[in-house]
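Participant:
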Amino acid sequence: MELPRDPLLPPEADGTRKGVLLSVLVHIGLVVAIAFGLNWRSRVPEAQQAELWAAVPQAAAPREVEPVVQPAPPPPPAPVVQPEPKVVEPPKPAPVPDAQIAIEKARKDEERKARELEEQERKAKLAAEREAQKKKLALEKAEKAAKAEKAAKAERERLEKLAAEKKKLQEALEAQQAKQREAARAEQMKRIQGLAGASGGPGATGTALRSAGPSAGYAGRIKARVRPNIVFADQVAGNPTAEVEVRAAPDGTIIGRRLVKSSGLPTWDEAVLRAIDKTEVLPRDTDGRVPGTLLLVFQPRD
Numbered sequence: 006m007e008l009p010r011d012p013l014l015p016p017e018a019d020g021t022r023k024g025v026l027l028s029v030l031v032h033i034g035l036v037v038a039i040a041f042g043l044n045w046r047s048r049v050p051e052a053q054q055a056e057l058w059a060a061v062p063q064a065a066a067p068r069e070v071e072p073v074v075q076p077a078p079p080p081p082p083a084p085v086v087q088p089e090p091k092v093v094e095p096p097k098p099a100p101v102p103d104a105q106i107a108i109e110k111a112r113k114d115e116e117r118k119a120r121e122l123e124e125q126e127r128k129a130k131l132a133a134e135r136e137a138q139k140k141k142l143a144l145e146k147a148e149k150a151a152k153a154e155k156a157a158k159a160e161r162e163r164l165e166k167l168a169a170e171k172k173k174l175q176e177a178l179e180a181q182q183a184k185q186r187e188a189a190r191a192e193q194m195k196r197i198q199g200l201a202g203a204s205g206g207p208g209a210t211g212t213a214l215r216s217a218g219p220s221a222g223y224a225g226r227i228k229a230r231v232r233p234n235i236v237f238a239d240q241v242a243g244n245p246t247a248e249v250e251v252r253a254a255p256d257g258t259i260i261g262r263r264l265v266k267s268s269g270l271p272t273w274d275e276a277v278l279r280a281i282d283k284t285e286v287l288p289r290d291t292d293g294r295v296p297g298t299l300l301l302v303f304q305p306r307d
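Following our numbering, the numbering of the sequence shown begins with 6 at its first residue and continues without gaps.
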């Protein structure tokens, strides 16, 4: 059933026919544009946009036209996989000419010779320093030895001088002692001779005897007092004699002793002197006196 037309509307134009024709043309143009615009070389296609304008009568409002459905854009093509770039090997160096090889070899030989020469110089310098140090030490050692020898020689000369002086004094002392011994022996002989001359006959009173010297057995009594104090255990050949001069105070106290004649056996001489020192006091003579000086003779086999 057809609706009645509104008399106020403009007259109906042949719009349907024109619209269909225009739509077909637009689609054909769109297909052509897509065909020519498609990037067959994997380029991203650019979006095409078209605006459609419908002819509308100026006198009346256009009739509502159905919207044209735009076709969906085609999917983007798959990305093209680019092949990996090949590694380009560097070109091999050109062979070195023989002349350059010879020059390089000569340069290395020169450097080697220079190093060897430097090493030889270093070793020679080190050897020279060691030799100089060795000579220096030897010189110092020789100087030290010379100084030590000089000091030792001076010390020997000093000791020899002291020994000579000591020997000289000893010889002088021994000469003096010899004189004293001779004097004592002469005095003793005089006393003995006086004792022998004063012994007289059987009827003598003995006054001259007492005034001349000790009694005949007094020396034996003194030796008997001293001998127990002699300590001597050495075995000796013969019977050496030691003569000792003994000085005593009036009360018999020994105040000095001196070896007048050595027995030739120092151990025996020392034993006799120590025994006299240990005796300390001499016994009195028959007249109650003690001679001031006595010459005593001691032998190991008495």
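The beta-carbon is built from N, C-alpha and C at its ideal position, and this holds for glycine as well.
Between the segment 235–243 and the segment 289–299, do three or more beta carbon pairs fall short of 8 Å?
Facilitator: No: the two stretches stay apart, fewer than three of their Cβ pairs being nearer than 8 Å.
Participant: For the segment 263–273 against the segment 220–231, are there 3 or more C-beta pairs whose distance is under 8 Å?
Facilitator: Not touching, per the Cβ criterion.
Participant: By a C-beta neighbour count over all protein chains shown, 10 Å radius and 16 as the cutoff for buried, is residue 274 buried or exposed?
Facilitator: The residue you call residue 274 lines up with position 269 of the sequence shown. Per the 10 Å Cβ criterion, buried.
Participant: Touching or not, the segment 167–181 and the segment 249–257, by the rule of three or more beta carbon pairs under 8 Å?
Facilitator: The segment 167–181, when compared against the segment 249–257, does not touch it at the 8 Å Cβ threshold.
Participant: Among 280, 25, 285 and 289, which has the Cα closest to the Cα of residue 305?
Facilitator: For the purposes of this step, residue 305 is identified with residue 300 of the sequence shown, where counting begins at 1. Of 280, 25, 285 and 289, the residue nearest in Cα terms is 280.
Participant: Use the C-beta contact count for residue 235: other C-beta atoms within 10 angstroms, 16 or more gives buried, fewer gives exposed.
Facilitator: Looking up residue 235 in the sequence shown gives position 230. Buried: at least 16 other Cβ atoms inside 10 Å.
Participant: Beta carbon of residue 300, beta carbon of residue 180: below 8 Å?
Facilitator: In the sequence shown, residue 300 corresponds to position 295, counting from 1. In the sequence shown, residue 180 corresponds to position 175, counting from 1. Not a contact, by the Cβ cut-off of 8 Å.
Participant: Residues in its own chain within less than 6 Å of residue 202 by CB, not counting five upstream and five downstream?
Facilitator: Here the question's residue 202 lines up with position 197 in the sequence shown. Note that residue 202 scores a pLDDT of 44, beneath 50, so its modelled location is shaky and nothing firm can be said.
Participant: Identify, in the order they occur along the chain, each residue of the same chain with its Cβ nearer than 6 Å to the Cβ of residue 164, setting aside the five sequence neighbours on each side.
Facilitator: Residue 164 sits at position 159 when you count from the first residue of the sequence shown. Within the same chain, residue 164 has no close Cβ partners at all.
Participant: Between which two residues does the alpha helix (DSSP H) harbouring residue 280 extend?
Facilitator: As a first step, residue 280 is located in the sequence shown; it is residue number 275 there, counting from the start. Looking at the DSSP string, the run of the alpha helix (DSSP H) that includes residue 280 is 271–284.
Participant: So, using beta-carbon positions, are residue 287 and residue 259 closer together than 8 Å?
Facilitator: Counted from its first residue, the sequence shown places residue 287 at position 282. Counted from its first residue, the sequence shown places residue 259 at position 254. Closer than 8 Å, so yes.
Participant: Tell me where the alpha helix (DSSP H) around residue 229 begins and ends.
Facilitator: Taking the sequence shown and counting its residues from 1, one reaches residue 229 at position 224. Looking at the DSSP string, the run of the alpha helix (DSSP H) that includes residue 229 is 223–231.
Participant: Going by other Cβ atoms of all chains shown within 10 Å of its Cβ, with 16 needed for buried, is residue 219 buried or exposed?
Facilitator: By 1-based counting over the sequence shown, the position of residue 219 is 214. Buried is the call here.
Participant: In whole angstroms, what is the alpha-carbon distance linking residue 256 and residue 223?
Facilitator: As a first step, residue 256 must be located in the sequence shown, where it is residue number 251. As a first step, residue 223 must be located in the sequence shown, where it is residue number 218. Approximately 15 Å, taken between the alpha carbons.
Participant: Is it buried or exposed, residue 108, if we count other Cβ atoms within 10 angstroms and call 16 or more buried?
Facilitator: Along the sequence shown, read from residue 1 onward, the residue named residue 108 stands at position 103. Exposed.
Participant: Give me the Cα-Cα distance between residue 211 and residue 307, rounded to the nearest whole angstrom.
Facilitator: Mapped onto the sequence shown, residue 211 falls at position 206. Mapped onto the sequence shown, residue 307 falls at position 302. No answer about residue 211 holds up, because its pLDDT of 41 lies below 50 and its placement is not dependable.
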